[in-house]
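Line order of the protein sequences matches chains A and B.
Each residue of the first sequence is one higher than the one before, counting from 991 in the working numbering.
Each residue of the second sequence is one higher than the one before, counting from 991 in the working numbering.
Let me begin by presenting the structure, written as structure tokens, before commenting on it.
There are 2 protein chains.
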Amino acid sequence: MLKILPADQIEDVLRKNIIGRLGCHADGETYVIPINFVYDDKGLYSYTLQGKKTAMMRKNPRVCFQTDDMGNGNWRSVIVQGVYVEVTEIVERHNALQLLSNRYLPFVSSVKSHLGANWPFHPGDENEIDGVVFRIDVLEKSGRFESFVYAPTFPG
Amino acid sequence: MLKILPADQIEDVLRKNIIGRLGCHADGETYVIPINFVYDDKGLYSYTLQGKKTAMMRKNPRVCFQTDDMGNGNWRSVIVQGVYVEVTEIVERHNALQLLSNRYLPFVSSVKSHLGANWPFHPGDENEIDGVVFRIDVLEKSGRFESFVYAPTFPG
């Protein structure tokens, strides 16, 4: 049975993971998409290309974010209720891209492949026209975990 | 860059995976939760306990489901737009539980631990009072994939 995840574990899950799912809603449609992210004290940062999800979140910035992991026999899941904010201020935008870049380098063998050919880019590059940096400001965080008992399988 | 996932690959992703994320929306709130699932020709089946997500989906049955995997150097993601239907008819409910049970047995060492102490149960068990079997009827399926190039990492 799922149990409440303590606050320090919620922070740990948000800091240790790099992929989550973002849920947004506009015009009667709900949409769930996987996103890259990095968590810092201001919220979650992510980078994407303009498209359906950015259009939806511009219409309705109230979003839900979920991420989870498995470690030490515990499955841990965190849900964040938050607000989508597009980051256009040049210093914050640059810092967010640097945070994302630093966070992803140890995990993927080719960051360029993972995040698109124009990654990492620098403010002013013509390639960045379609790139959107956004922040999810946290309204509420909650978490659950489940401990797995590694017992032999017994059907029935 | 993300590319369109062919229809046969969409079916393959839905058949091969057992965990996805479900997005629902009610009263101005979007909610994303991980769920177990099994896919068959009628749609997706899942089992959960009554709670926030079932209350929300009873209010607004239009949902979005997402699942993804990584195989052969490709990251594949599928998004399903669908309708939540609670399964109460006894034969379909029993069959859905059997499908879920069969699907999970090879993956978890203790199904009882993973799905709760009352799993698997049989119709009529008093333990099943809080258990909800539901189906997501598919309105639309779409998929994307990305090929990873396993090249050495080069920062900057």
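No residue lacks a Cβ here, since even glycine has one placed at the ideal position from N, Cα and C.
Leaving aside the five residues before and after residue i along the sequence, list all residues of the same chain whose C-beta is less than 6 Å from its C-beta, in chain order.
i: Asn1064(B); result: Phe1135, Ser1137
i: Ile1023(B); result: Leu1012, Lys1043
Can you find a CB in chain A that lies within less than 8 Å of the CB of residue i?
i: Thr1038(B); result: no
i: Arg1011(B); result: yes
i: Ile1069(B); result: yes
What are the residues that DSSP puts in a beta bridge with residue i?
i: Phe1055(A); result: Leu1012(A), Val1070(A)
i: Thr967(B); result: A question about residue 967(B) goes unanswered here, because the residues of chain B that appear run from 991 up to 1146.
i: Pro996(A); result: Looking at the DSSP assignment, Pro996(A) forms no beta bridge with any residue, so it has no partner.
i: Asn1228(A); result: The structure shown has nothing for residue 1228(A), since chain A only spans 991 to 1146.
i: Lys1131(A); result: Val1070(A)
i: Ile1025(A); result: Gly1010(A)
i: Gly1033(B); result: Asp1030(B)
i: Leu1076(A); result: Sequence check: residue 1076(A) is Glu here, not Leu. In DSSP, Glu1076(A) forms a bridge with Phe1124(A).
Looking only at its chain, what residues have a beta carbon closer than 7 Å to the beta carbon of residue i, apart from the 5 residues adjacent to it on each side?
i: Ile1000(A); result: Val1068, Lys1131, Gly1133
i: Asp1127(A); result: Gly1033, Gly1072, Val1073, Val1075
i: Asn1007(A); result: Thr1057, Asp1059
i: Met1047(A); result: Cys1014, Val1053, Tyr1074
i: Leu1090(B); result: Asn1026, Val1028, Tyr1035, Tyr1037
i: Arg1066(A); result: Leu995, Gln999, Val1003, Asp1058, Asp1059, Gly1133, Phe1135
i: Ala997(B); result: none
Run through chain B and tell me which residues come within less than 7 Å of residue i, C-beta to C-beta.
i: His1015(A); result: His1015, Thr1020
i: Asp1058(A); result: Pro1024
Looking at the C-beta of residue i, does it have a partner C-beta in chain B at a distance below 8 Å?
i: Arg1125(A); result: no
Please list, in chain order, all residues of the same chain as residue i whose beta carbon is under 8 Å from its beta carbon, the five residues on each side excluded.
i: Val1077(A); result: Tyr1035, Arg1083, Ala1086, Val1123, Phe1124, Arg1125
i: Asn1050(A); result: Cys1014, His1015, Ala1016
i: Leu1039(B); result: Gly1106, Asp1120, Gly1121, Val1122
i: Pro1009(B); result: Contrary to the premise, residue 1009(B) reads as Ile rather than Pro in this sequence. Pro1024, Ile1025, Asn1026, Phe1027, Thr1057.
Counting only Cβ-Cβ distances shorter than 8 Å, please list the residues of the segment 1022-1036 of chain B near chain A, keeping chain order. Val1022, Ile1023, Pro1024
Interfacial residues, the segment 1044-1055 of chain B to chain A, with Cβ spacing under 9 Å: Asn1050, Arg1052, Val1053, Cys1054, Phe1055
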